[in-house]
Ligand code: A3P
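Residue numbers (our numbering): 73 to 367.
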């Protein structure tokens, strides 16, 4: 593992831990290698579910929905476990089953027992323009471990996002790895959904997730889950989540901001947008997905 310092044009840095061809955020435990090996051997618990996303694609949103569905109660989890690769093995082992696990790992690093036991997997993807905007805000607000809050401008961050692999490498590599994994493992229960579809029809997506999990599908319960997981309700409830607010520089919950589709239009200049459209076109080969940039 090497610590990589990725510098933007203004001299502001983003740190990553580079291992096995992938840049990880510095809060992945230890030298990454040992933690990934220990995670690879994590013991499965009956009914475990795992959400995997590229960062800023709606991980916390989906976690809350799945947690409610798994537990049959539309109650927020105010003490959620963190991303798999940021938690100690003891903490993960001590969580009561069935667990709602969340991760940004590539398929090759997902715990083997979860794959072998065919645990339900949900992969959420979000259009990369909104991901870039969300990530800049998050990186600027976060203050945990070696992630001390990125100090660079939007312009400089976007330049890095487009030209350099940052945490979990590029959006294209990450999304493609999961699509390929699903294609080559047709027997595994992997549901792929988009953030944009969840915004457009949350109730319908909650229903699909419940079907995928084999969870209770009583219409009133699913209505309640969808209603509690609307951005306004969920971000209000989670604004008093001390575990998460303690991770931000300003005491707000850094995992909630605007929760919209198409906010990138307020951030990307015409020139940035045209340039990124070309990058997207060049990199979409083999990514057989409909990516919606507006609703
Ligand atoms: P924005 O920064 O665009 O608002 P993650 O959980 O993967 O870190 O993703 C964070 C993004 O999901 C943030 O996007 C956050 O506001 C958004 N989000 C969180 N809860 C949401 C909800 N209930 N509905 C829609 N978006 C939500």
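The C-beta atom is built at its ideal place from N, Cα and C for all residues, glycine as well.
Since the model is a prediction, treat every value here as computed from it, not as a measurement.
Point to revise | Option in 266, 112, 126 and 121 with minimal Cα separation from residue 95 | key: For the purposes of this step, residue 95 is taken as the residue at position 23 of the chain shown. Shortest Cα-Cα distance from residue 95 to any of 266, 112, 126 and 121 involves 126.
**Study point:** Within 7 angstroms, strictly: CB atoms of residue 98 and residue 218
**Key:** The residue labelled residue 98 in the question sits at position 26 within the chain shown. The residue labelled residue 218 in the question sits at position 146 within the chain shown. Taking 7 angstroms as the Cβ cut-off, residue 98 and residue 218 qualify as a contacting pair.
Review point. Around the C-beta of residue 159, are 16 or more other C-beta atoms found within 10 angstroms, so that it is buried, or is it exposed?
Key: Mapped onto the chain shown, residue 159 falls at position 87. Flag for residue 159 reads buried.
Review point. Does the beta carbon of residue 320 fall short of 6 angstroms from some heavy atom of the ligand A3P?
Key: Taking the first residue of the chain shown as 1, we reach residue 320 at position 248. Every heavy atom of the ligand A3P is 6 angstroms or more from the Cβ of residue 320, so no.
Review point. Are the beta-carbon atoms belonging to residue 171 and residue 124 less than 7 angstroms from one another?
Key: Start at 1 with the first residue of the chain shown, and residue 171 comes out as number 99. Start at 1 with the first residue of the chain shown, and residue 124 comes out as number 52. Annotated as distal: residue 171 and residue 124, with beta-carbon spacing of 7 angstroms or more.
Review point. Given that a residue counts as buried once 16 or more other Cβ atoms are within 10 Å of its Cβ, and exposed if not, what is residue 224?
Key: Here residue 224 refers to the residue found at position 152 when the chain shown is read from its first residue. Classification of residue 224: buried, given that the 10 Å Cβ count is 16 or more.
Review point. Under 7 angstroms between the Cβ atoms of residue 73 and residue 115?
Key: The residue given as residue 73 occupies position 1 in the chain shown. The residue given as residue 115 occupies position 43 in the chain shown. Contact: no.
Practice item. Return the CA-CA distance between residue 244 and residue 92, expressed in angstroms with no decimal places. Key: Here residue 244 refers to the residue found at position 172 when the chain shown is read from its first residue. Here residue 92 refers to the residue found at position 20 when the chain shown is read from its first residue. Computed Cα separation, rounded: 18 angstroms.
Review point. Is residue 235 buried or exposed, if buried means 16 or more other CB atoms sit within 10 Å of its CB?
Key: Residue mapping note: residue 235 aligns to position 163 of the chain shown, counting from 1. That one is exposed.
Check your understanding: So, residue 334 versus residue 366, is the Cβ gap smaller than 7 angstroms?
Key -> Taking the chain shown and counting its residues from 1, one reaches residue 334 at position 262. Taking the chain shown and counting its residues from 1, one reaches residue 366 at position 294. Their beta carbons are under 7 angstroms apart, which means residue 334 touches residue 366 by this criterion.
Exercise for review: Would you check if there are 3 or more beta carbon pairs closer than 8 angstroms linking the segment 249 to 267 to the segment 147 to 167?
Suggested key: Touching, no.
Exercise for review: Find the nearest neighbour of residue 369 within the set 250, 271 and 100, judged by alpha-carbon distance.
Suggested key: With the chain running from 73 to 367 in the structure shown, residue 369 is simply not present.
Check your understanding: What's the C-alpha gap between residue 200 and residue 130?
Key -> Taking the chain shown and counting its residues from 1, one reaches residue 200 at position 128. Taking the chain shown and counting its residues from 1, one reaches residue 130 at position 58. Going from the Cα of residue 200 to the Cα of residue 130 covers about 12 angstroms.
Review point. Taking C-beta to C-beta, are residue 86 and residue 78 nearer than 7 angstroms?
Key: Here residue 86 is taken as the residue at index 14 of the chain shown, counted from 1. Here residue 78 is taken as the residue at index 6 of the chain shown, counted from 1. Cβ atoms of residue 86 and residue 78: closer than 7 angstroms.
Review point. Along the chain, which unbroken stretches of the alpha helix (DSSP H) at least 4 residues long are found entirely within the segment 144 to 203?
Key: Counting whole runs of 4 or more residues, the segment 144 to 203 contains the alpha helix (DSSP H) stretches 161 to 166 and 184 to 188.
**Study point:** Inter-residue Cα distance where the pair is residue 39 and residue 191
**Key:** The structure shown has nothing for residue 39, since the chain only spans 73 to 367.
Practice item. Would you check whether the ligand A3P has a heavy atom nearer than 6 angstroms to the C-beta of residue 366? Key: Translated into the one-based positions of the chain shown, residue 366 becomes position 294. No.
Review point. Among 215, 113, 197 and 211, which residue has its Cα nearest to the Cα of residue 229?
Key: Translated into positions along the chain shown, residue 229 becomes position 157. Of the residues 215, 113, 197 and 211, the one whose Cα lies closest to the Cα of residue 229 is 211.
Practice item. Check each candidate in 141, 182, 134 and 133 and name the one with the smallest Cα separation from residue 107. Key: For this step, residue 107 is matched to residue 35 along the chain shown. Comparing Cα positions, the closest option is 182.
Review point. Would residue 271 be called buried (16 or more neighbouring beta carbons within 10 Å of its own) or exposed?
Key: For this step, residue 271 is matched to residue 199 along the chain shown. It is buried - the Cβ of residue 271 has at least 16 other Cβ atoms within 10 Å.
Check your understanding: Cβ of residue 287 within 7 angstroms of Cβ of residue 141?
Key -> Reading the chain shown from its first residue, position 215 is the one you call residue 287. Reading the chain shown from its first residue, position 69 is the one you call residue 141. It is a contact, given that the beta carbons lie within the stated cut-off.
Check your understanding: Under three-state DSSP, which class holds residue 306?
Key -> As a first step, residue 306 is located in the chain shown; it is residue number 234 there, counting from the start. Three-state DSSP puts residue 306 in a helix.
Review point. Which residues share a DSSP beta bridge with residue 91?
Key: The residue given as residue 91 occupies position 19 in the chain shown. In DSSP, residue 91 forms a bridge with 94.
**Study point:** Whether residue 278 touches residue 247 by CB criterion (7 angstroms)
**Key:** Within the chain shown, numbered from 1, the residue matching residue 278 stands at position 206. Within the chain shown, numbered from 1, the residue matching residue 247 stands at position 175. Against a cut-off of 7 angstroms, the Cβ pair of residue 247 and residue 278 comes out as no contact.
Point to revise | DSSP three-state assignment for residue 268, whether helix, strand or coil | key: Stepping through the chain shown from its first residue, residue 268 is reached at position 196. In the structure shown, residue 268 sits in a helix (DSSP, three-state: H, G or I).
Review point. Is residue 328 near the ligand A3P, in the sense that its beta carbon is under 6 angstroms from a heavy atom of that ligand?
Key: Residue numbering aside, residue 328 sits at position 256 when the chain shown is read from its first letter. Under cutoff, so the answer is yes.
Exercise for review: For residue 312, name the three-state secondary structure that DSSP assigns.
Suggested key: Counting from one through the chain shown, the residue named residue 312 turns up at place 240. If DSSP states are grouped into helix, strand and coil, residue 312 belongs with coil.
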